Amino acid sequence: MSKDGFSDLRAIQQSGRPMNLSKLTFFLSITLATVIAILGTSWWSFIQSFVGPSYRLQPSAKHYSTAFNDQTKENILARCASLHAVPGPPKNFHSRDESDRFEEGTNATLIRNAVIFTGRDNGSEIIRGDLLLDRGIVKGIGKISGRIIDNTPNLTTVDAKGAWVTPGLVDIYSHLGIESLPILAGDIDFNSTKGPVLPYLRSADGLNTHDEAYELAMAGGVTSVQVVPGDNPVAGQAFVVKLRKTRERSASSMIVDPPDNLRIPSSPSKNDVTFRWRHMKQTCGEGARRFGNRMDNTWVVRSAYAEAMQVKQSQDEYCAKANAGLWGELEGVFPEDVRWEMLVEVLRGKVKVTAECAEAVDIDSLVRLSNEFQFPVATIAQGSEAWLVPDLLRKVYVQIDFVYVDNVSTQLPQVGWRPFCRNAGNKTSGMKSRERRERYRGSEFAPSVLAQQEIPAVMTSGHPETNARYLMHQAQQAYYFGLPADLALASVTSNPAIALGHSHRIGVLAEGSDADVVIWDSHPLRLGATPVKVWVDGILQIPVPSKTGEETHIVIGKGKEEDEWRSLPDAPNWNKERDEAIKWDGLPPLEGRKTDGKVVFTNVKEVWKRTQDGDIEQAFNAESTEIEYGTVIVEDGRMTCIGKCEDSLTADAVVLDTAGGVISPGLMTFGSRLGLEEITSEPSTNDGRRYDAFKLDVPRILDDAGAVVRAVDGLTFSTRNALTAYRSGVTLATSSFARPVHLDEEDIHVISGLSVSFRTSSLHAMQRGAIVQDIAALHVTLGKSYPTANSISVSTQMAGLRRLLYGWESTDKETGAWFRKAAEGVIPLVIEVDNLDIMANLLILKVDVEDRIGSRMRMVFSGASEAHLLAKEIADADVGVILNPSRPIPLVWDQRRILPGPPLTNDTALVTLLDHGVTVGLGVPNAWEARNTRFDVQWAALESNGRLKEYQAYALVTKDLEWLLGVRGIDDDTSELVVYTGGSMFNSSSKVAAVISPARGFVDVF
């Protein structure tokens, strides 16, 4: 028979002769064996693709018997001893003369006259004095001997002039480098699809050294991050990296204290640590949903640890015999398995496990697993409900002294928190609240609640989910909502370093620690605090050195010269709100206490109100009167007396002390789907799927080519995002189905429909004043393909828009009618667009349409990351711009040419556009960010270095934004007024206490 087993069969068939029985039997047996082999191979390949490869390094004991020579015995005993070694720095680490990361040619730096937050003593140590950086480490702190300074060659002196200095910030949960910016399909090395349990994968293997976010993060003071892999139940090995580019320019050279098994030939040997901490990422709950439900994923993790436990036990039994000298009973080499090697290290307490677990049920499963297999958990990341179950956190299995901080151990897990405010920095709503069900009960009070329970909090970015550049802003927000100042600063410096096992070198400033240092232009916990200089390993990174090696001159901190900017800001008292949040299991009532009688506000510093034509003017200023503070009387929702009000205190009046507060018109938010969704990822809580006329045939029942929809028809009132925005001074919202640039292209429609303006406090559409304007503007979205999908081409999008604006669609249908109104300038045409070239083509199209029909279009660019490059042309065309987000991040290719502002550039996109006379508004991409509007405005003013006045900043989210979106009729009779205690909306120490509603005849008191 021939080699292929089929030639004989073909020959018999062709000849027509009957096949010999023996040949037939033999052929069938060969065929059957071949089929079984193929099926077996396919089945094994299927299994392997799910669980990953297994490589047994030891031969089976029953087949091998080994005679051990003296050298082999010595090696085995050393290997067995290493199983019980505790990771950590050598005893003499802080007496080192030079960092293992030092680069020859780096000058020493002496920072004089600084206020130094060291990160030590739980964040309580503050030293006034000097800081000496040399050979990559801190050589002196506080009062430094003149002899030491004189004997330090090549010394550069920097006068801090009393500025605050902190360690470089540490971000314990980031995807920098493995989800690098701008995100391209070929650069997403975040999630693996090869199975749920992948402890052998290493984030270092996907680390892109050209991520543009490295520099942006350092511009926010971030110097070290833990790069964690994806959302698999066991996602793989994480690595701590520093963000500066090394001379070698490799990914490996960025890693801090690489573990012994990560063999890097070029790694320096001096000060080497034999046993270093390793790091691993696990995921619970919704993040791992693609691999099954909670029960499925908990089981696969449990099963994996059971396998690893068997390997561990085999090693322990092997070593017990070796240590007892029973060499004759040892068969084979040391037992190990590459697939389970990392989990065995976890079981031995040598791995810092970061577990992304949000809900109490997920944390509970993690706690049970950690106790069943007796492994510690260093960090619970995200932890949306961790603040509700502090006693459960204490039940995580912990080995004694598993974390070291200057020889002081802690036995509590760190709890890593998602950010507070995003491209406003991070979210005050706390941890991307309400994006998923598992984040629905997240709270801004979580860090302070944990602090009360003596559980340390760590603020994280989850970059690029939120911008790593604004990590310090998360600490600022945590402080604002009640976390003590020392713990707030520790949450982004020493606490994450402790959790990583790296506090011997990063996250703290002490003699011998790494020279990662930040000088700030104001107190780090003040809103808008900006790094003036940033060093990593003693090498200046910010300001970014020019190509010639000279320092680039960037103006930073103008307008912050007063002493108050160097002092810790006051924080409001949130005790009542925090207690309510705990009492209601994370979902406290958000409606205010409505009062339709007399309300008296005392100790008022200023009052601002709308004029009849919509402008904003000052109605009262205590500084210009003979009285220290004024009084405001409100009856049935209307101010009846402002200033010096005699006999204001009556028995039936509700009295509220504003403590030097300010009353001013409410703000408006735009850019998100506020009111159109409750939980972003839960379809049952949203408007649902709409038809995209560029991708699908529109159903005949609509009888409309573009399937134009009205947001008012999908509006939902009393969402928690809307109510938290209302309690933060955002009384008006304009929402549409247009979606800013997002990594998920599925929900992006070219024709995004008609927006609606509504009051954020309303209970339903039929309530008086709930709908301010049922149709505001027409919205479209234009841009290149998104990283994860091939969307409609830009040329096709432009062709469709041109056709509609030319009027080629009948005006007796929704699409034709509304695009005709947009072309004629009856309503604004708001275009979500970021790319410079697309905006230029739109300006040309605008002129073309206006020439054809003799109109003046009201075109507005929203998003507009690259609009600053076209500022003059945009101004000449009388086109408005809504910057969304207000502080940009180059997520995708269309956004790559951002103008980041200080400390990277002198100008911001906002200032550039305003300087050219462009009308500008500010927006937010996500509904949970709406409550941060006033912080966005404050930050925009501070970043302008004094060029943006308060009234100009205020207009960005009031009258100018309203004008851009076509919202009319907001005047003294309809505008709601927000009462701030302790200052104005521009004071980050103030708090919203009430909202006055003249249109509805009452006052909401919070």
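In terms of this note's numbering, the sequence shown opens at residue 1 and continues consecutively. Built from N, CA and C at the ideal position, the CB exists for glycine as well. Note that the coordinates shown come from a computational prediction; the quantities given were computed from them, not determined experimentally.
Would residue i be called buried (16 or more neighbouring beta carbons within 10 Å of its own) or exposed?
i: residue 980; result: buried
i: residue 46; result: Because residue 46 carries a pLDDT of 37, less than 50, the predicted location of this residue cannot be relied on, and the following value inherits that uncertainty. With fewer than 16 Cβ atoms within 10 Å of its Cβ, residue 46 is classed as exposed.
i: residue 423; result: Only weak support is given to the placement of residue 423: the predicted model assigns it a pLDDT of 26, under 50, and the value that follows is read from those uncertain coordinates. Residue 423 comes out buried.
i: residue 848; result: exposed
i: residue 701; result: exposed
i: residue 696; result: exposed
i: residue 644; result: exposed
i: residue 482; result: buried
i: residue 295; result: exposed
i: residue 429; result: Any reading at residue 429 is ruled out, since the residue's pLDDT is 32, under 50, leaving its predicted position unreliable.
i: residue 768; result: exposed
i: residue 679; result: buried
i: residue 366; result: buried
i: residue 895; result: buried
i: residue 379; result: buried
i: residue 408; result: Legend: pLDDT at residue 408 = 31, less than 50; position of this residue unreliable, value from coordinates given subsequently. So residue 408 counts as exposed.
Once DSSP output is grouped into helix, strand and coil, what is the label at residue i?
i: residue 827; result: coil
i: residue 346; result: helix
i: residue 174; result: strand
i: residue 197; result: strand
i: residue 989; result: coil
i: residue 131; result: strand
i: residue 268; result: Residue confidence is low: residue 268 scores 48 on pLDDT, short of 50, so the model does not pin down where it sits. Its coordinate-derived value is still stated next. In the structure shown, residue 268 sits in coil (DSSP, three-state: anything other than H, G, I, E or B).
i: residue 535; result: strand
i: residue 959; result: helix
i: residue 387; result: helix
i: residue 937; result: helix
i: residue 952; result: helix
i: residue 621; result: strand
i: residue 52; result: For residue 52, the predicted model reports a pLDDT of 42, less than 50, meaning its position is unreliable and no value from the coordinates is stated.
i: residue 226; result: strand
i: residue 994; result: strand
i: residue 254; result: helix
i: residue 420; result: Legend: pLDDT at residue 420 = 33, less than 50; position of this residue unreliable, no value from coordinates given.
i: residue 766; result: coil
i: residue 723; result: helix
i: residue 1004; result: strand
Pop quiz: residue i and residue j are said to be a contact at Cβ under 8 Å. What is the actual Cβ separation, rounded to whole angstroms?
i: residue 453; j: residue 525; result: Actually they do not touch by this definition, with Cβ atoms about 22 Å apart.
i: residue 355; j: residue 282; result: 5 Å
i: residue 633; j: residue 619; result: In fact, because the Cβ distance is near 13 Å, the residues do not count as touching under 8 Å.
i: residue 492; j: residue 216; result: Their Cβ separation, rounded to whole angstroms, is 16 Å, which puts residue 492 and residue 216 out of contact at 8 Å.
Is residue i close to chain D, meaning its C-beta is less than 8 Å from at least one C-beta of that chain?
i: residue 311; result: Protein chain content of the structure displayed is limited to a single chain, and chain D is not contained in it.
Do the CB positions of residue i and residue j come within less than 8 Å of each other?
i: residue 496; j: residue 451; result: no
i: residue 138; j: residue 557; result: no
i: residue 653; j: residue 708; result: no
i: residue 108; j: residue 133; result: yes
i: residue 897; j: residue 870; result: no
i: residue 908; j: residue 950; result: no
i: residue 966; j: residue 827; result: yes
i: residue 393; j: residue 360; result: no
i: residue 237; j: residue 278; result: yes
i: residue 510; j: residue 141; result: yes
i: residue 1007; j: residue 186; result: Residue 1007 lies beyond the range of the chain shown here (1 to 1006); nothing can be said about it.
i: residue 376; j: residue 384; result: no
i: residue 472; j: residue 221; result: yes
i: residue 719; j: residue 761; result: no
i: residue 386; j: residue 656; result: no
Practice item. Run through the region 313-376 for me and flag every whole alpha helix (DSSP H) of 4 or more residues, listed as ranges in chain order. Key: The region 313-376 contains these whole alpha helix (DSSP H) runs: 341-347, 360-372.
Check your understanding: Can you list the beta strand (DSSP E) stretches of 3 or more residues lying completely in the region 786-858, in chain order?
Key -> For the region 786-858, whole beta strand (DSSP E) runs of length 3 or above, ordered along the chain, are 829-833.
**Study point:** Entirely enclosed alpha helix (DSSP H) segments - the region 457-523, minimum 4 residues
**Key:** 471-480, 485-490, 494-500
**Study point:** Secondary structure, beta strand (DSSP E): runs of 3+ residues fully inside the region 661-688
**Key:** 667-670
Review point. Which runs of the alpha helix (DSSP H), 4 residues or longer, sit entirely within the region 115-167?
Key: The region 115-167 contains these whole alpha helix (DSSP H) runs: 146-150.
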